[in-house]
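K.L.:
Supplied in structure tokens, the structure appears directly below.
2 protein chains.
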Amino acid sequence: MTTAVGLPSAVLSAHTLLVPALHRWTARLGGHLSTTCGYQLGLCTADGAPTGTVGGKLIRPVFTLLCAAATGADPAGVVPAAVAVELLHNASLVHDDIMDGDRERRHRPTLWARFGVPAAILAGDALIALAFEALATSAPVADVAHLATTLRLLARGQEDDLRFERLARVGVAESTDMIVGKTGVLLGAACRLGVTRPDWQPRFEAFGTHLGVAFQLADDLLGIWGDPAVTGKPAGADLRAHKQSAPVVAALAADVPAARELARLYATPLSEADVARASALVEEAGGRAATEAEAARRLDLAWSHLEDLDLDPTAHTHLRTLATSVVDRDH
Amino acid sequence: MTTAVGLPSAVLSAHTLLVPALHRWTARLGGHLSTTCGYQLGLCTADGAPTGTVGGKLIRPVFTLLCAAATGADPAGVVPAAVAVELLHNASLVHDDIMDGDRERRHRPTLWARFGVPAAILAGDALIALAFEALATSAPVADVAHLATTLRLLARGQEDDLRFERLARVGVAESTDMIVGKTGVLLGAACRLGVTRPDWQPRFEAFGTHLGVAFQLADDLLGIWGDPAVTGKPAGADLRAHKQSAPVVAALAADVPAARELARLYATPLSEADVARASALVEEAGGRAATEAEAARRLDLAWSHLEDLDLDPTAHTHLRTLATSVVDRDH
Chain Z
1 MTTAVGLPSA VLSAHTLLVP ALHRWTARLG GHLSTTCGYQ LGLCTADGAP TGTVGGKLIR
61 PVFTLLCAAA TGADPAGVVP AAVAVELLHN ASLVHDDIMD GDRERRHRPT LWARFGVPAA
121 ILAGDALIAL AFEALATSAP VADVAHLATT LRLLARGQED DLRFERLARV GVAESTDMIV
181 GKTGVLLGAA CRLGVTRPDW QPRFEAFGTH LGVAFQLADD LLGIWGDPAV TGKPAGADLR
241 AHKQSAPVVA ALAADVPAAR ELARLYATPL SEADVARASA LVEEAGGRAA TEAEAARRLD
301 LAWSHLEDLD LDPTAHTHLR TLATSVVDRD H
Chain B
1001 MTTAVGLPSA VLSAHTLLVP ALHRWTARLG GHLSTTCGYQ LGLCTADGAP TGTVGGKLIR
1061 PVFTLLCAAA TGADPAGVVP AAVAVELLHN ASLVHDDIMD GDRERRHRPT LWARFGVPAA
1121 ILAGDALIAL AFEALATSAP VADVAHLATT LRLLARGQED DLRFERLARV GVAESTDMIV
1181 GKTGVLLGAA CRLGVTRPDW QPRFEAFGTH LGVAFQLADD LLGIWGDPAV TGKPAGADLR
1241 AHKQSAPVVA ALAADVPAAR ELARLYATPL SEADVARASA LVEEAGGRAA TEAEAARRLD
1301 LAWSHLEDLD LDPTAHTHLR TLATSVVDRD H
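Chains as they are written, first to last, in our numbering: chain Z, 1 to 331; chain B, 1001 to 1331.
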């Protein structure tokens, strides 16, 4: 079942466990909420017809299952925890899309764009409820407390993100804190909740948190230099939206002429030519290199936390392949 | 310390336990979220200055403490559970206010009206996170699972409420289900979570659920016949908003001429004279009497679930006074 790369079969068998569980949990909602939440997860169309698949790549819950396997546990035992993480992730996507005014996700209208803001607020709340229900009916209460802390930190990270949009300049440290809050803590929780040994939980959490940061930095790099044909977004999308993404923050923090020109450019609406120029300036001021270096550093740091643990070799290989693929990717 | 009525001192001593705990938990959020969540709870002004008090009457968490006392337990032990219930209640108020477009609550602008929709969505999420954190760090995991189910049912109740607004006619049974979901389950949880004996928990939950329904029916009666000077709302406020509140639903279900005239009237925008006429028609069609009778029945039903339990007499008296006061009130 394991291919040369090891990844597809591991992810595929994880999906075999996860997708039916996601179906079961959203069905529990009943009424229109099963449809709106199912639509968000890609389990059904806007009319409620089953798609026979799922929307995202389920990266976070796959990590939960792989971490369980790495510690020698049966991944089937942590399916509720994996489901909880995926539901919480989707809840934050649903609410963030409203706040950010984003109208499209995964090539479909976002939940609020399709069903309206009230339905989307409610669907997010319902997904949070299901996440806690899934976890609390299967895991120790300390794990549930950890998921609650995770949700609190996600809210804090999103608040920082919204605040940064109104600032001309964001500090590198502040920006990193925000990335930890928005992406790190959730992947940290995904990895931690796959592990039952209390002494190993903090190490898997640290592993996942650093990996999540690396993942977000890779995303930020794609937001500027990603191939439009692969990412599905226009080149320089994040620049056009004046986002304070990691490469921009790093570039603006540099004391070089390119940084000053970038700051002047970023203070005004950008034409297509300006976007190309801004992209070149971010690179010239060192923003791209600094972000690539930090992503690589975070990936190393992630692994340092698992270094001396006696892990299942097959699961360890899958984990390593998956971790590398989420950081070193083109979409 | 106990007055003749017994209520004020019991509620007052409950507040002494609850208010500092609410302060502590919202402070944990940090940043702007401490302010927005503190504002919602009435702990601080919009600028973050402490008000030295709290916004609502804390009815739900007071029930949690009184139920603990009734079973002979120390109320101090269930403060985190009481806080969790109050935080979850406020989370649902914050999100419902956005969905309903309500701009004022407790004589102040609602959170979204004051800070914008994104800040209000986030504050609601943060309050949910805190609620689960408070409970999961102090109670058995089964209690946390119950809180999660409560949040799921709250979302379902609010969905029904939003859907009913678009319908010309709502069935009495459907309307009751919605009231159970929106108000019953949360007071049910408030009472259940105050009790540690597993065999008594379902009985206190049933007590609180029926009481919550009675509470909502009383609210619906005030929404039509409440004294504007006392409620702070114009007379017939719910009729003017074409709400499908319990008296209206009961009146429209009757097979009498007044019901048919009411249905015709409710299909159009209402002038001041129409509001007065609608109010008279709801009463003539039996909507007021039916709702009053149902509220009384629910109050009796609530007590029937605690009937044969050996409860602390003082706490029992406080509980009875408080239960009666929330149903038989003028504001």
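Ideal placement from N, C-alpha and C gives every residue a C-beta, glycine not left out.
What you are looking at is a predicted structure, and each value in this text was computed from that prediction instead of being measured.
1. Going by beta carbon distance, what residues of the same chain come within less than 8 angstroms of Z:Pro80, once the five residues before and after it are set aside?
2. Rounding to the nearest angstrom, what Cα-Cα distance links Z:Gly48 and Z:Gly116 in this structure?
3. I think Z:Pro50 touches Z:Leu18, with their Cβ atoms under 8 angstroms apart; what is that distance to the nearest whole Å?
4. Please check if any C-beta of chain B sits within less than 9 angstroms of the C-beta of Z:Thr53.
5. With DSSP collapsed to three states, give me the class of Z:Pro234.
6. Leaving out five residues on either side along the sequence, give the residues of the same chain with a beta carbon under 7 angstroms from the beta carbon of Z:Ala126.
7. Check this for me: beta carbons of B:Pro1247 and B:Gly1287, under 9 angstroms apart or not?
8. Within the chosen definition, does the region 1311-1331 of chain B reach the region 1267-1282 of chain B through at least 3 CB pairs nearer than 8 angstroms?
9. Might you give, ordered along the chain, the residues of its own chain that have their beta carbon closer than 7 angstroms to the beta carbon of Z:Ala237, omitting 5 neighbours on each side?
10. Given that a residue counts as buried once 16 or more other Cβ atoms are within 10 Å of its Cβ, and exposed if not, what is Z:Ala293?
11. Could you tell me the distance, in whole angstroms, from the CA atom of B:His1015 to the CA atom of Z:Leu93?
12. Let me see if you follow: with CB-CB separation under 9 angstroms, is Z:Thr2 close to chain B or not?
13. By a C-beta neighbour count over all protein chains shown, 10 Å radius and 16 as the cutoff for buried, is Z:Gly194 buried or exposed?
14. Count the C-beta pairs between the region 172-180 of chain Z and the region 248-260 of chain Z that are closer than 8 angstroms, then say yes if the count reaches three, no if not.
15. Quick one: list the residues of chain B neighbouring Z:Phe164, beta-carbon separation under 8 angstroms, in chain order.
16. Scan the region 181-235 of chain Z and note each continuous alpha helix (DSSP H) run of 4 residues or more that stays entirely inside, going in chain order.
17. Quick one: list the residues of chain B neighbouring Z:Glu261, beta-carbon separation under 8 angstroms, in chain order.
18. If you draw a straight line from the alpha carbon of Z:Ala76 to that of Z:Arg197, how long is it in whole angstroms?
19. Could you tell me which residues DSSP pairs with B:Pro1140 in its beta bridges?
20. Provide the residue span of the alpha helix (DSSP H) that contains B:Ser1279, from first to last.
21. If you drop the 5 nearest sequence neighbours on each side, which residues of the same chain put their C-beta closer than 6 angstroms to that of Z:Phe207?
22. Cβ of B:Gly1408 less than 9 angstroms from any chain Z Cβ?
23. Among the residues of its own chain, which have a CB less than 8 angstroms from the CB of B:Met1099, if the five just before and after it don't count?
24. Run down chain B in chain order and give the residues with a C-beta less than 9 angstroms from the C-beta of Z:Ile98.
25. Below 8 angstroms on the Cβ atoms is my guess for Z:Thr26 versus Z:Leu41; work out the distance and round it to an integer in Å.
26. In whole angstroms, what is the alpha-carbon distance linking Z:Thr317 and Z:Val213?
27. Expressed to the nearest angstrom, what Euclidean distance is found between the alpha-carbon atoms of B:Val1170 and B:Thr1291?
28. Quick check: the Cα distance between Z:Leu211 and Z:Asp96, rounded to an integer number of angstroms?
29. Taking 9 angstroms as the CB-CB cut-off, is Z:Ser279 touching chain B?
30. If we call anything under 9 angstroms between Cβ atoms a contact, is B:Leu1122 one with B:Leu1154?
31. Since I believe Z:Leu322 is in contact with Z:Leu66 (beta carbons under 8 angstroms), could you give me their beta-carbon distance rounded to a whole number of angstroms?
32. At 4 residues or longer, and completely inside the region 1002-1036 of chain B: list those alpha helix (DSSP H) runs for me, N to C.
33. Quick check on Z:Leu193 - is its C-beta less than 9 angstroms from some C-beta in chain B?
34. Within 10 angstroms of its Cβ, does B:Ser1271 collect 16 or more other Cβ (buried), or is it exposed?
35. For B:His1107, count neighbouring C-beta atoms within 10 Å of its own C-beta (all shown protein chains included) and say buried if the count is 16 or more, exposed if not.
36. Kindly list, in the order they appear in chain Z, the residues whose Cβ is closer than 8 angstroms to that of B:Val1144.
P.N.:
Let me spell this out:
1. Ala21, Ala134, Leu135, Thr137, Ser138 and Ala139
2. 16 angstroms
3. With 8 angstroms as the limit, Z:Pro50 and Z:Leu18 do not qualify as a contact, their Cβ atoms being about 16 angstroms apart.
4. no
5. coil
6. Scanning its chain for C-beta atoms nearer than 7 angstroms, with the 5 sequence neighbours on each side dropped, one finds around Z:Ala126 the residues Leu29, Leu33 and Cys37, in chain order.
7. Yes. Within cutoff.
8. no
9. Around Z:Ala237, the same chain offers Gly223 as residues with beta carbons nearer than 7 angstroms, after the five sequence neighbours per side are excluded.
10. Label assigned to Z:Ala293: exposed.
11. About 37 angstroms.
12. Here the model assigns Z:Thr2 a pLDDT of 37, short of 50, so the residue's position is not dependable and the matter cannot be decided.
13. buried
14. yes
15. In chain order: nothing, as chain B lies at least about 12 angstroms away.
16. 185-192, 201-225 and 228-231
17. In chain order: nothing, as chain B lies at least about 32 angstroms away.
18. Taking the straight line joining both Cα atoms gives about 16 angstroms.
19. BP columns for B:Pro1140 are empty, so no partner.
20. Glu1272 to Glu1284
21. When the five nearest sequence neighbours on each side are left out, the beta carbons in the same chain lying within less than 6 angstroms of the beta carbon of Z:Phe207 are those of Cys191, Ala302, His305 and Leu306, in order along the chain.
22. Past the boundaries of the shown model lies residue 1408 of chain B; chain B is included only from 1001 to 1331, so the question cannot be answered.
23. Gln1158 and Leu1162
24. Chain B residues near Z:Ile98: Val1117, Pro1118 and Ile1121.
25. 7 angstroms
26. Distance between the alpha carbons of Z:Thr317 and Z:Val213: 21 angstroms.
27. 15 angstroms
28. Taking the straight line from one Cα to the other gives about 22 angstroms.
29. no
30. no
31. 7 angstroms
32. 1007-1027
33. no
34. exposed
35. Flag for B:His1107 reads exposed.
36. Phe132, Ala136, Val141 and Val144
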